[in-house]
Amino acid sequence: MNVEILSNIIANQGFPIALSILLIFRIDRFMQEIVTTQKEGYRQVLENTKEIHNTITTLN
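Here the sequence shown is numbered in UniProt numbering, starting from 1 and rising by one per residue.
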């Protein structure tokens with residue numbers, strides 16, 4: 001194979017594949033952060049709801 005043909009194949013096939021893999025990993029990390037934040041928010045809402053319930057119960 002000629003160096004020019006090989007570099008052309010890498011440029012046309014390798015770069016888009018490498019870029020796609022990089023973007024998939026970045027999106028995966030971002031999605032994991034979103035899930036972690038969502039779980040923490042759910043935990044805080046549940047904790048506040050329990051506190052409100054306990055306050056209302058003690059008032060009665």
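The beta carbon of each residue, even a glycine, is placed where N, CA and C say it ideally should be.
Can you give me the C-alpha to C-alpha distance between residue i and residue j, rounded to a whole angstrom?
i, j, result
"Val3", "Ala18", "20 Å"
"Gly41", "Phe30", "17 Å"
"Pro16", "Val35", "28 Å"
"Ala11", "Arg26", "22 Å"
"Arg43", "Glu33", "15 Å"
"Ile21", "Asp28", "11 Å"
"Ile56", "Glu47", "14 Å"
"Ile9", "Thr37", "42 Å"
Secondary structure at residue i, three-state DSSP: helix, strand or coil?
i, result
"Asn54", "helix"
"Asn2", "coil"
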